[in-house]
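Trainee:
Residue numbers (the UniProt record's numbering): 1 to 130.
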């Protein structure tokens with residue numbers, strides 16, 4: 001896949017805790033309907049808004065529908081800033097998705113993001129616009 005070499009389907013809480021601690025230098029992602037990587041953090045989902053050098057800026061996926069101001073700024077794999085949300089978490093959606101691990105500190109985020117979209121398009125994973 002375009003996310004990284006390790007992936008798993010989320011299981012029970014104990015399994016999840018063990019898997020997350022194994023990958024503490026990685027971040028967890030799911031895919032959007034169009035195949036773009038979405039960051040999952042503390043049961044909320046974010047899309048990549050922009051990347052500047054080693055920092056990535058993530059925006060809550062409900063910023064339009066719920067007018068949510070939830071954001072995350074990462075420096076490599078480290079979250080350096082996080083703002084609160086105005087809606088319940090997205091645990092249900094995350095639970096039904098395949099979670100993949102990526103080490104943000106070891107990759108060029110711009111290239112990785114673009115490559116993921118190209119690969120998904122080639123594999124027919126990108127949803128067509130209506």
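Even glycine gets a Cβ: it sits at the ideal position worked out from N, Cα and C. Note that the coordinates shown come from a computational prediction; the quantities given were computed from them, not determined experimentally.
Bridge partners of residue 82, per DSSP?
Mentor: Along the chain shown, read from residue 1 onward, the residue named residue 82 stands at position 82. Looking at the DSSP assignment, residue 82 forms a beta bridge with 72.
Trainee: Taking the DSSP output, what are the residues bridged to residue 46?
Mentor: Here residue 46 corresponds to residue number 46 of the chain shown, with the count starting at 1. The partner list for residue 46 (beta bridge, DSSP) reads 39 and 60.
Trainee: If you run the structure through DSSP and keep just helix, strand and coil, what is residue 116?
Mentor: Counted from its first residue, the chain shown places residue 116 at position 116. Looking at residue 116 - three-state DSSP - the assignment turns out to be helix.
Trainee: Compare the C-alpha of residue 62 against each of 56, 47, 121 and 95 and name the closest.
Mentor: The residue you call residue 62 lines up with position 62 of the chain shown. Out of 56, 47, 121 and 95, 47 has the C-alpha closest to the C-alpha of residue 62.
Trainee: What does the Cβ neighbour count give for residue 116, buried or exposed, with the cut at 16 atoms within 10 Å?
Mentor: Residue 116 sits at position 116 when you count from the first residue of the chain shown. Its Cβ being crowded by 16 or more others within 10 Å, residue 116 is buried.
Trainee: Just grab the DSSP bridge partners of residue 31 for me.
Mentor: Position 31 of the chain shown, counting from 1, holds the residue named residue 31. Its beta-bridge partners are 37.
Trainee: For residue 55, write down the residues that DSSP places opposite it in a beta bridge.
Mentor: Within the chain shown, the letter at position 55 stands for residue 55. Looking at the DSSP assignment, residue 55 forms a beta bridge with 52 and 75.
Trainee: Pop quiz: residue 57 and residue 45 are said to be a contact at Cβ under 8 angstroms. What is the actual Cβ separation, rounded to whole angstroms?
Mentor: Taking the first residue of the chain shown as 1, we reach residue 57 at position 57. Taking the first residue of the chain shown as 1, we reach residue 45 at position 45. At roughly 15 angstroms, the Cβ-Cβ gap does not stay under 8 angstroms, so residue 57 and residue 45 are not in contact.
Trainee: Is residue 104 close to chain D, meaning its C-beta is less than 8 angstroms from at least one C-beta of that chain?
Mentor: In summary, chain D is missing from the structure at hand, where a single protein chain is found.
Trainee: Can the beta-carbon of residue 40 be found less than 8 angstroms from the beta-carbon of residue 98?
Mentor: For this step, residue 40 is matched to residue 40 along the chain shown. For this step, residue 98 is matched to residue 98 along the chain shown. In this structure, residue 98 does not lie closer than 8 angstroms to residue 40 by Cβ.
Trainee: My assumption, with CB atoms under 8 angstroms, is that residue 31 sits in contact with residue 77. Please give the rounded CB distance.
Mentor: Taking the chain shown and counting its residues from 1, the one referred to as residue 31 is at position 31. Taking the chain shown and counting its residues from 1, the one referred to as residue 77 is at position 77. That belief does not hold up - the Cβ atoms of residue 31 and residue 77 are roughly 19 angstroms apart, past 8 angstroms.
Trainee: By DSSP, does residue 89 sit in helix, in strand, or in coil?
Mentor: Taking the first residue of the chain shown as 1, we reach residue 89 at position 89. Of the three classes helix, strand and coil, the one that applies to residue 89 here is coil, per DSSP.
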